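Here's the structure, in structure tokens; my notes come after.
Numbering (the UniProt record's numbering), first residue to last: 1 to 65.
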């Protein structure tokens, strides 16, 4: 999900390889991964959206040991 402060500005799902695409208006967003149950992970990335695509990688620790 894409957060602007506390407001969710967009969300998407990954494909079978874990890739995702999300279109947002220009601005600053925190991109956060959540699991199927909706629980937020600690995988976040602050991005600034402008007129060019932004590529990010979120690494999610499943916690399974």
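We treat Cβ as the ideally placed atom computed from N, Cα and C, and that holds for glycine. Bear in mind that the values here come from a model prediction, so they are computed numbers and not experimental data.
| query | result |
| --- | --- |
| Do you know offhand how far residue 47's Cα is from residue 23's? | 13 angstroms |
| What separation, rounded to the nearest whole angstrom, lies between the Cα atoms of residue 2 and residue 64? | 26 angstroms |
| Excluding five sequence neighbours on each side, which residues of the same chain lie with their C-beta closer than 8 angstroms to the C-beta of residue 11? | 1, 2, 22 |
| In angstroms, rounded to a whole number, what distance separates the CA positions of residue 57 and residue 20? | 10 angstroms |
| Nearest to residue 60 by CA position, among 52, 43, 30, 54, is which residue? | 43 |
| Which parts of the stretch 13-65 are runs of the beta strand (DSSP E), unbroken and 3 residues or longer, counting only runs that do not cross its ends? | 27-34, 40-49 |
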